[in-house]
Each structure stands twice: as structure tokens, then as C-alpha cells.
Amino acid sequence: MALRQGIFAIAGCAVLALGACSGSDQPILMHAAAQDREPDEFGILPTKPLEMPDSLAELPAPNPGGTNRVDPQPRADVAVALGGNPARAVAGGGVDGGIANYAARFGRNDGIRAQLAAEDLRFRQDNNGRLLERLFSVNVYHNAYQGMWLDKYSELERWRRAGAQTPSAPPPGEEDE
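Here you go:
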């Protein structure tokens, strides 16, 4: 009887060990997000109805990765509705050139997304949780990033002490309510 229990215990440990080996090489700190299998209703955008031009020569050249004639153009639609020029509304790829230029006034890094992704992956690998947390899929997201949280109340007080106006914040003494 004891031999049979020992065999079952060893087999159970082997199954657990093999199960722990599966998975991706990139740690997932927020396990709740990994279980989202429902369709995203906000990811579906209605398009304009298809139109047949008077002449096929009027069709623009194919532009992979560009816009389509039936794609929604909310800025251009608003400009037309208000009697403006739709071409000016979407100039610069829909990004306000003044804002983009102001944000880049000290320079910009075109590879910033890849750099941040690599740094975040390295951080998540270093903060992947303890053995039992990984084994039982415990959410370690908050523990990993807790050192980077901003304390909104101390930041608000810092700005108030510096003399900055904070009209959208609660009046002093009402933050805890």
C-alpha cells in the first residue's frame, strides 16, 4: 500500500514539474489580462459604404499601411460638417503638428518603443515572482511595479507647497474623504 502511494506521489510531482516547464519565455505579470478571451467590441470600427467612382483612373495607388477611402476619418468628417477643409484636418497623419513639434523640442528617439519594450521585458524577467507564486499563477504585477507608483496625495502637496494652483484637485483637507 505504501509503495502505491509513493508511486502516485512521484507521478504527481512529475506532472507538476512538467506543467511548470510549459509556457512562454516572456513573464506575464498580470495573469488576469492573459485570460481575456472575449472579443473587443471597441476594436470594431464601422466603415463608410463602398463607392464606385465614375472612372477607375480616379482610384488612388495602393498604399500598404496607409488609409483606405472607406476608413472612418473623424477629423475630416467634423471639418466637413463645420464647413472647413477636410484635407487640413488630417494633414500630418492626424497628429497636430504643433503638439508633436513641442513634444520633440529637446529631441526624439525613433526607436523608443523597442527600447522601452526591451527594458520592460528585462524588468519583468527580474521580477517574475517567487517559485510558488509562479507555480500557482499568483498575480505579481502590483508587487513588481509598486516601487514605481506615484503617491498622488504627496505629489499634490508638493505642488501646493511650490505655489502651483491645483483647481481640479479637492480642497486641502478633503483628500481623504
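Counting with my numbering, you get residues 1144 to 1320 for the letters of the sequence shown.
The C-beta atom is built at its ideal place from N, Cα and C for all residues, glycine as well.
Considering only their Cβ atoms, is the gap separating N1271 from R1277 smaller than 8 Å?
Position 134 of the sequence shown holds residue 1277. Position 128 of the sequence shown holds residue 1271. It is a contact, given that the beta carbons lie within the stated cut-off.
So the alpha helix (DSSP H) V1221 belongs to, where does it begin and stop?
Against the sequence shown, residue 1221 aligns to sequence position 78. Secondary structure note for V1221: its alpha helix (DSSP H) is the uninterrupted segment 1217-1224.
Go ahead and pull the three-state DSSP assignment for A1305.
What you label residue 1305 is simply residue 162 of the sequence shown in a count that begins at 1. Reduced to three states, the DSSP call for A1305 is coil.
Following the continuous alpha helix (DSSP H) through A1261, name the residue where it begins and the one where it ends.
Numbered from its first residue, the sequence shown carries residue 1261 at position 118. Where A1261 is concerned, the enclosing alpha helix (DSSP H) stretches over 1255-1269.
Thinking A1287 and R1267 are a contact (beta carbons under 8 Å), I'd like their distance in whole angstroms, please.
As a position in the sequence shown, residue 1287 is number 144, starting the count at 1. As a position in the sequence shown, residue 1267 is number 124, starting the count at 1. In this structure A1287 touches R1267 by the C-beta definition: roughly 7 Å separates them, less than 8 Å.
Limits of the unbroken alpha helix (DSSP H) element including N1228
Translated into the one-based positions of the sequence shown, residue 1228 becomes position 85. Per DSSP, N1228 belongs to no alpha helix (DSSP H) and is neither H nor E.
My output table needs one value for L1146: the three-state DSSP class, helix, strand or coil.
Position 3 of the sequence shown, counted from the first residue, corresponds to residue 1146. Of the three classes helix, strand and coil, the one that applies to L1146 here is helix, per DSSP.
Distance, W1302 Cα to T1114 Cα
Here the chain has residues from 1144 to 1320 only, and residue 1114 is not among them.
Supposed close pair A1222, P1229 - CB separation, criterion 8 Å
Here residue 1222 refers to the residue found at position 79 of the sequence shown. Here residue 1229 refers to the residue found at position 86 of the sequence shown. So it is a contact: roughly 5 Å between Cβ atoms.
Taking C-beta to C-beta, are L1199 and V1213 nearer than 8 Å?
Position 56 of the sequence shown, counted from the first residue, corresponds to residue 1199. Position 70 of the sequence shown, counted from the first residue, corresponds to residue 1213. No.
Rounded distance between the beta-carbons of L1299 and A1312, thought under 8 Å:
As a working mapping, residue 1312 is identified with position 169 in the sequence shown. As a working mapping, residue 1299 is identified with position 156 in the sequence shown. A1312 to L1299, Cβ: 5 Å. Contact.
Beta-carbon gap between A1382 and A1232 smaller than 8 Å
Because the chain spans 1144 through 1320 in this model, residue 1382 falls outside it and cannot be assessed.
Distance, G1149 Cα to A1160 Cα:
Translated into the one-based positions of the sequence shown, residue 1160 becomes position 17. Translated into the one-based positions of the sequence shown, residue 1149 becomes position 6. In a straight line, the C-alpha of A1160 is about 16 Å away from that of G1149.
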